Amino acid sequence: MGYSDVYAAWQADPERFWLEQAEAIDWDEAPSKALFDRGDHLYDWFADGKVNTCWNAVDRHVEAGRGEQTAIIWDSPVTHTKRWITFFELRNRVATLAGALRAKGVQKGDRVVIYMPMIPEALEAMLACARLGAIHSVVFGGFASHELAVRIDDAKPKAIIAASCGIEPGRIVHYKPLLDGALDQASHKPDFCVIFQREQEVAELTPGRDVNWHGFQFGVEPAECVPVEGDHPAYILYTSGTTGAPKGVVRPTAGHLVALNWTMKNIYNVEPGEVFWAASDVGWVVGHSYICYAPLIHGNTTVVFEGKPVGTPDAGTFWRVIEEHGVRSFFTAPTAFRAVKRQDPAGEMVKDYDLSGLRAIYLAGERADPDTIEWLQKTTGKPVYDHWWQTETGYTIAGNPVGIEPLPVKIGSPTVAMPGYDIRILGEDGHEVPDGELGAIAVKLPLPPGTLPTLWNAPERFRKSYLDHFPGYYETGDAGMKDEDGYLWIMARTDDVINVAGHRLSTGGMEEVLAGHPDVAECAVIGVKDDLKGQLPMGFLCLNAGCDRPHEEIVRECVARVRDQIGPVAAFKLAAVVDRLPKTRSGKILRATMAKVADGDEVRTPATIDDPAILDEIRDAIRPLGYGGTRVSA
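If you're matching positions, the sequence shown starts at 1 in the UniProt record's numbering and goes up one per residue.
This is how it looks when you write it as structure tokens:
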């Protein structure tokens, strides 16, 4: 069956389609049906089944005789360490950790906050929670005390599992003082905290509250897997909300297992036993889905990488890991490759490594600009597949189903809708717009298995955020269009579509043009206020390493490119060269925050920002253009 046959089979009978996929999962009690309609556009999948995530990710591979296969490869250039953990070892480690948590009172339904760097113990903590039916909430290691406190107060964890520190190139991030600060601020107090002491920094434990990772596991009975209902939350993952308060995305257990298992072969084209690598962090959804859960559920070896695309030690580190560990399928964010390209524009470092075992490179997390894709294709000789999904969905909405049938790549498009997603492009009136016309991207309900059924402790906010604007649809918050072949084009967040003298324009389209300039390594376009036209586009240009041409000359050329390729209607005249762009730790460019800086609005530093100092750099760069009048507040 080709893609169109598979998609048509899902459309014809969604319940049958997903029940067939559910047969690949080990159930304690099989579900009686796939979809449960709760009314008022709310749904659950496999709700009356009983299942355990840890069993499916770990134990069943041991039971099937594959215990000696490597489950986790830890590659940490920041500590010059590598480790290989088999499924057999992983089962024993996770069962013991779960037993220790159980002995201290953690049970099904309890929440556990995990605050750890990219080490195997982070995955073990997630899996130990899943083994007990406890609901984990991973918070990005190194997150500020206040933001951690907000999440503690929302999730109300019985326990917190943390590491003593994280390691960045050239510095140690002190996790324990951040955790202590969060617990001082938080109204909710956990029963206990488990601290994994790293040799780079041994933290002082708080008597009566903190226990040592190794010490508290000594002599405990390993825990068996606890079956949970299909709609039982596997985890809560907080994503930044437009109100400033984080949104706790809930991930249902059974749908998560079924959907993720399906994606590994059908989208990423790997067989059980092969090595899969997602270069992300366990603090983000990619780390949950494609570092921890999906590869292990499917029986793949997963790579846990503690490093950066550049600087650990150089722009060849991705290629080194791929060659050394035999990676078959590689997934990361476009921003990572833009950093590599900036340091190695000619792709010379790729030539030092053997990538013959790598089948394809996958990009997601933000819009993949054509220039980055073309550079990757040229330097690696590998297929490069953009695909689009969200924290809320947990896996691909639109992508290239390579394991079913590789579809022709249209650079700039994440290709087509995956089974389970009925994607529509809607105008403000809620009606579909013609092919080729920009609109709001929405998904006809119900969403497929594994996607969010609600927000933690916030059902009304769930409705308001995703369901109310277009009744009967899930509103993605992204803007784009479809072409005559059914290919989807993601042009911007809905908030990033700007209105210039009545013309709705995509900032993403302008960024594509700017990224095509030979000296531009990375760029962003925002809309700034204008008394005459309402909004004007403003561009920010990061140049390739070693570029010594006058900045004014490059800006003039970029303005001319946009005028030539998009037209005078874009009114693109404002641009500045900057050394770096403000981003979240996951690599998303903070365009809305940049627009506030430019407009002189009051700006609170986003909790997710990688380095707050960048906002003042942005302000200083655009002052000569007459923008950026106020300072940024902490």
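Glycine residues also receive a C-beta, built at the ideal position from the N, C-alpha and C atoms. Here the structure is a predicted model, which is why all the values come from computation and not from measurement.
What does the Cβ neighbour count give for threonine 476, buried or exposed, with the cut at 16 atoms within 10 Å? The residue is buried, with at least 16 neighbouring Cβ atoms inside 10 Å.
DSSP state of serine 145 mapped onto helix, strand, coil: The answer is helix: DSSP assigns serine 145 an H, G or I state.
Sufficient close CB pairs (3 or more, under 8 Å) joining the region 158-173 to the region 110-117: Yes, they touch.
In the structure shown, what three-state DSSP assignment does phenylalanine 470 receive? Phenylalanine 470 carries a coil assignment under DSSP once its states are collapsed to helix, strand and coil.
Would you tell me roughly how many angstroms separate the C-alpha atoms of glycine 287 and lysine 265, rounded to the nearest one? Glycine 287 and lysine 265 have their C-alpha atoms spaced approximately 18 Å apart.
Beta-carbon proximity list for histidine 469, same chain, < 6 Å, skipping 5 on both sides: Within the same chain, and ignoring the five residues on either side of histidine 469 in sequence, the residues whose Cβ sits closer than 6 Å to its Cβ are Glu475.
Do you know offhand how far alanine 479's Cα is from alanine 364's? Straight-line measurement puts the Cα of alanine 364 at about 16 Å from the Cα of alanine 479.
CA-to-CA distance, arginine 66 to serine 465, given in whole angstroms: C-alpha of serine 465 to C-alpha of arginine 66: approximately 44 Å in a straight line.
Helix, strand or coil: how does DSSP classify arginine 328 here? If DSSP states are grouped into helix, strand and coil, arginine 328 belongs with the strands.
Looking only at its chain, what residues have a beta carbon closer than 6 Å to the beta carbon of methionine 349, apart from the 5 residues adjacent to it on each side? Within the same chain, methionine 349 has close Cβ partners Ala315, Gly316.
According to DSSP, is glutamine 535 helix, strand or coil? It is a strand residue.
Going by DSSP in three states, proline 582 sits in which element: helix, strand or coil? Three-state DSSP puts proline 582 in coil, outside helix and strand.
At a cut of 8 Å, does the region 565-572 reach the region 503-518 through at least three beta carbon pairs? Touching, per the Cβ criterion.
Leucine 625 versus tryptophan 74 - alpha carbon distance: Roughly 47 Å separates the two Cα atoms.
In whole angstroms, what is the alpha-carbon distance linking proline 406 and asparagine 400? The alpha-carbon separation between proline 406 and asparagine 400 amounts to approximately 6 Å.
Proximity below 7 Å, CB of residue 635 to CB of proline 177: The first residue shown for the chain is 1 and the last is 634, placing residue 635 beyond what the model contains.
Using a threshold of 7 Å, state whether the C-beta atoms of alanine 223 and glycine 49 are closer than that. No, they are not a contact pair.
Specify whether the region 6-22 and the region 33-43 touch according to this definition: at least 3 beta carbon pairs, one from each stretch, less than 8 Å apart. With a cut-off of 8 Å, the region 33-43 and the region 6-22 count as touching, because enough Cβ pairs lie within range.
Alpha-carbon to alpha-carbon, asparagine 457 and aspartate 191: In this structure, the straight-line span from the alpha carbon of aspartate 191 to that of asparagine 457 is close to 21 Å.
What are the residues that DSSP puts in a beta bridge with glycine 283? Glycine 283 pairs with nothing; no bridge assigned.
When you compare the CB positions of valine 94 and alanine 128, do they come within less than 7 Å of one another, or not? Their beta carbons are under 7 Å apart, which means valine 94 touches alanine 128 by this criterion.
Can you tell me whether arginine 556 is buried or exposed? The criterion is at least 16 other CB atoms within 10 Å of its CB, across all chains shown. An exposed status is given to arginine 556, since fewer than 16 other beta-carbon atoms sit within 10 Å of its beta-carbon.
Quick one: what's residue 636 bridged to in DSSP? The first residue shown for the chain is 1 and the last is 634, placing residue 636 beyond what the model contains.
If you count every other CB in all the chains shown that lies within 10 Å of the CB of alanine 57, and 16 or more means buried, which is it? Here alanine 57 is buried: its Cβ has 16 or more other Cβ atoms, across all protein chains shown, within 10 Å.
Following the continuous alpha helix (DSSP H) through proline 370, name the residue where it begins and the one where it ends. From DSSP, the alpha helix (DSSP H) with proline 370 extends over 370-380.
For threonine 86, report the span of its beta strand (DSSP E) as first-last. From DSSP, the beta strand (DSSP E) with threonine 86 extends over 81-86.
Apart from the five residues on each side of it in sequence, which residues of its chain come closer than 6 Å, Cβ to Cβ, to valine 321? Close CB contacts of valine 321 within its chain, under the 6 Å cut and outside five residues either way in sequence, are with Asp75 (chain order).
Looking only at DSSP bridge pairs, what is methionine 481 linked to? Under DSSP, methionine 481 shares a beta bridge with Trp489.
Residues near proline 414 by beta carbon distance below 7 Å, same chain, minus five either side: Excluding residues within five positions, the ones whose Cβ falls inside 7 Å are Asp386, His387, Trp388, Ala398, Gly399, Leu488, Ile490.
Mind checking whether glycine 539 and alanine 575 have CB atoms under 7 Å apart? Yes, the Cβ-Cβ distance between glycine 539 and alanine 575 is below 7 Å.
Paired residues, beta bridge with glutamate 29 - DSSP: Beta-bridge pairing links glutamate 29 to Lys50.
Buried or exposed by the 16-neighbour rule on C-beta atoms within 10 Å, applied to residue 670: Since the first and last residues shown for the chain are 1 and 634, residue 670 lies out of range.
How far does the beta strand (DSSP E) with arginine 111 in it extend, from its first residue to its last? Its beta strand (DSSP E) spans residues 111-115.
Once DSSP output is grouped into helix, strand and coil, what is the label at valine 632? Unreliable placement is indicated for valine 632, whose pLDDT of 42 sits below 50; the coordinate value is still reported in the next sentence. Here valine 632 sits in coil by DSSP.
Would you list the one or two residues that DSSP bridges to aspartate 210? Residue pairing by DSSP places aspartate 210 opposite Cys193 in a beta bridge.
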